[in-house]
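Encoded as structure tokens, the structure appears first; notes follow it.
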Amino acid sequence: MTGRSAASKTASKKRRGRRAALEEPSVDAARHLETYRQMVRIRVFEEHANDLYLTAKMPGLTHMYAGEEAVAVGVCDALRRDDYITSTHRGHGHCIAKGARLDLMFAELLGKAAGYNRGKGGSMHIADQENGNLGANAIVGGSAGIATGAALSARLRGTDQVVACFFGEGALGQGLLYEVMNMAQLWKLPVIYVCENNLYNEYTHFEETTAGTILDRPRAFGIHTAEVDGQDVMAVATVTAELVERARQGEGPSFLLAHTYRYYGHHVGDIQRDYYRSKDEEAHWRSERDPIALYGAWLQERDIATADELGTIEAEVRDEAEKAVAFGLDAPYPDEGEVTLHVYA
Amino acid sequence: MSTPSRTVEPRAAAGVRTITFAQAVNEALAEEMRRDPAVFILGEDVAEAGTPFKVLSGLVDEFGPERVRDTPISEAGFAGLAVGAAMTGMRPVVDLMFGDFLTLVMDQLVNQAAKTHYMSGGKLKVPMVLRTTLGATRRSAAQHSQSLHAWVSHVPGLKVALPATPYDAKGLMKAAIRDDNPVVIVEDKLSFQDKGPVPEGEIVIPLGQADVKREGTDITFIATSSMVVVALRAAETLAAQGLSAEVVDPRSMVPLDTATLVESAKKTGRVVVIDEGHQSYGVSAELAAVVADGAFYHLDAPVKRLGAMDVPVPFSPVLEDLTVPTPEQLTALAREMCGARS
Ligand SMILES: Cc1ncc(C[n+]2csc(CCOP(=O)(O)OP(=O)(O)O)c2C)c(N)n1
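Line by line, the protein sequences are chains A and B. The numbering of the first sequence is the working numbering, which starts it at 2 and goes up by one. The numbering of the second sequence is the working numbering, which starts it at 653 and goes up by one.
Next up, the structure:
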């Protein structure tokens, strides 16, 4: 790190202070609309990803984030660009929320050289280090160590960066999580464990796999905990802002439990779902708990945006996404020589 | 991927049907669970979901959730449970969804299951089976595509079977369940829907018995798992070009039927070992060494290996397809070794 950037960092730290929580009156309409747009971008991205898969244009398989948008967007709203996140197999939402471009993401999902990982990672390994996304991960719980290590690194490098570690409630089954939470609390590391409880570990309800109470687990280490309605983007952003502030001040890790729901199957091919969750349940979440609809209604009630303005945002996003898909489809595949490139640094 | 017709028919003739690899595994488990109440299955989404590959569909209906037991996503934990259950009178079959997750269970397999019998001076035993997968070209990227069977093959105390056909899948599974040692069975996830002849009822293929999948005289292909079909395809192409290739499938890495491999090498004088693990430090090196050692004075060419490229499996299809040996590569290599004009 150069002296100049270190100096400017301290200056900007003073200037910036705490980022206003999304629900504070001081937050202007532009920021609200940006938050809304981010959620719509995720939703529309996933619609296209699903279509690309179903029309056999996209290789492999992918896990949709639709329904859970408020968690990624709310958490990332409280983060700076130089803060880190680690993500999961259901990672498109995290990637977008942290600032990624849709065109480079589609290119990656389609295995093209222009993609974020030059086509080598695909949906389950998408990473965007320029925006602090250390990567999706196809090993459940696999990023808990990475996130905690990044937090240790922030401490050792003397920055005030914070790390958000996203994982599904299924990852609560992995021993690694408990090993690293212990160290995070011992060493007061700036990491926020964000548990996205969408009720199902693949095809099994989490109550069949999770003994006791989720939050008692981090509490056993003395880790600060919070719980939030993961369909309410403002609530997520507000509580995360507090957790981020604690972490920046050196007060250590925290654990955020967000209650949410995935609209699609576990992965794109999981179409026949009645045996593990009912159509009524799906319909209920879609009609009553949709994070975009809820936020849109709130914005209109407060006269922050009109229905027309929200419609315009959606239209713009659809246009952006269509162009991004076309970019991905038209982009060339990597050269064959790439196959042996990047095995070693 | 379809399985080319076998030239060597299954030995049992009665009640032979054509079923898929997945059905063959399912049938073996069901038969063993009926036969022996100590046999039970545990793993993620094994019950109602029948695994993501649907290999275990229906078993929970017959045997109930006690014996087809869904676990949390806790691979190290349930592998450890299996070791303990096996030491105390049960015969667990662990379902490890992807072979890539072997990394998560290695301590339980390597330091616990594999060594318990030996360390206890023969007093304790660990009769467990761990089923898992190998194989790329499913566009599943680097953490869901590996072929890590060499890792477990390296550990004394573990047995390792690699069924390549529905017939072998059934017979090896039944043998593994009855074995008093920890046995790792690695299945090619692309082969689950492949069909082949499988007899109804009792077939038990002893571990350590290779199978000559095609007879030939000019060159031997020692092929494992997913590469058996590649070797058979290459052999067919070569036959049309006047070269006769023999395809030998060891079927288990541990124990290894060295006699059959060496015998074939002596007969043809040329050997290619083909396996989907990374070429370096893989099982192919061991198989090649066995042949070089046992048939040295009969060989007309150095023993060759064909394995997956030594790179993590890339996502992009155009790159991924380069990493796994193909019939075309094997055909070209065989022609070169036989001195045929290309
Ligand atoms: C260690 C490991 N075990 C199993 C799997 C297979 N798998 C992929 S996603 C998944 C369920 C994850 O559930 P959860 O963590 O709640 O995340 P969600 O899919 O609900 O977002 C499983 C079992 C895996 N990828 N990694």
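Backbone N, C-alpha and C fix where the C-beta goes; we use that ideal spot for every residue, glycine too. Please read these numbers as outputs of a predicted model, since none were measured by experiment.
- Assignment of beta-bridge partners to D973(B) by DSSP yields no partner.
- Check the Cα spacing between I671(B) and each of G921(B), N833(B), D846(B): the tightest is with D846(B).
- Using beta-carbon distances, E888(B) does not count as an interface residue toward chain A, since no partner is under 8 angstroms.
- Identification of residues in the segment 181-193 of chain A having a C-beta nearer than 8 angstroms to some C-beta of chain B yields an empty set.
- Within the segment 946-972 of chain B, the residues whose Cβ lies closer than 9 angstroms to some Cβ of chain A are M961, D962, V963, P964, P966, F967, S968, P969, V970, L971, E972, listed in chain order.
- Take A680(B), set aside five residues on each side of it, and the residues of its chain with a beta-carbon closer than 6 angstroms to its own are K822, M825, K826, in chain order.
- Nothing from the segment 833-867 of chain B brings a Cβ to less than 7 angstroms from some Cβ of chain A.
- Note on geometry: alpha-carbon atoms of T912(B) and E888(B) lie some 22 angstroms from one another.
- Burial state of Q130(A) is exposed, judged by a 10 Å Cβ sphere holding fewer than 16 other Cβ atoms.
- Burial check for W803(B): the Cβ neighbour count within 10 Å reaches 16 or more, so the residue is buried.
- With the criterion set as a beta carbon lying under 9 angstroms from some beta carbon of chain A, the members of the segment 711-732 of chain B are D722, T723, P724, I725, S726, E727, A728, G729, in sequence order.
- Not a single CB atom of chain A sits nearer than 8 angstroms to the CB of D759(B).
- Straight-line measurement puts the Cα of T978(B) at about 32 angstroms from the Cα of L761(B).
- By the neighbour-count criterion, in which a residue is buried when 16 or more other Cβ atoms sit within 10 angstroms of its Cβ, I926(B) is buried.
- For A674(B), the nearest beta carbon of chain A is not closer than 8 angstroms to its own beta carbon.
- Annotated three-state conformation of Y262(A) is coil, per DSSP.
- Chain B has a Cβ within less than 8 angstroms of the Cβ of I140(A).
- Looking at the backbone, the Cα of L748(B) and that of G253(A) are separated by about 36 angstroms.
- Between the alpha carbons of H33(A) and S288(A) lies a distance of about 22 angstroms.
- Per DSSP, the continuous alpha helix (DSSP H) segment holding M739(B) begins and ends at 727-739.
- Residues of chain A whose Cβ lies closer than 8 angstroms to the Cβ of Q795(B) are, in chain order, M125, H126, N138, A139, I140, G143.
- T241(A) sits in a helix when the DSSP states are folded into three classes.
- Counting C-beta pairs with one atom in each stretch, the segment 172-188 of chain A and the segment 700-714 of chain B have fewer than three that are closer than 8 angstroms, which means they do not touch.
- The segment 156-218 of chain A contains, as complete alpha helix (DSSP H) runs of 4+ residues, the segments 176-187 (chain order).
- Under the Cβ distance rule, T975(B) counts among the residues neighbouring chain A, one pair being separated by less than 8 angstroms.
- Residue-level contact by beta carbon fails for R687(B) and chain A, as no gap is shorter than 8 angstroms.
- Among the residues of the segment 254-280 of chain A, those with a Cβ less than 8 angstroms away from any Cβ of chain B are Y276, Y277, in the order of the chain.
- Residue range 103-110 is occupied by the alpha helix (DSSP H) that includes F107(A).
- In the three-state reduction of the DSSP assignment, T785(B) falls in the strand class.
- Under the Cβ criterion (8 angstroms, minimum of three pairs), the segment 139-146 of chain A does not count as touching the segment 104-111 of chain A.
- Within the segment 780-813 of chain B, those residues whose Cβ lies closer than 8 angstroms to any Cβ of chain A are, in chain order, R790, R791, S792, A793, A794, Q795, H796.
- With a contact defined as Cβ atoms closer than 8 angstroms, T910(B) and V942(B) qualify at about 5 angstroms.
- Secondary structure at V942(B): helix, using DSSP grouped into helix, strand and coil.
- Proximity of the segment 323-332 of chain A to the segment 302-314 of chain A falls short of the contact definition, fewer than three beta-carbon pairs being nearer than 8 angstroms.
- In this structure, N199(A) has its CB closer than 7 angstroms to one or more heavy atoms of ligand 1.
- When distances are taken from the beta-carbon of F730(B) to the heavy atoms of ligand 1, even the shortest one reaches 7 angstroms or more.
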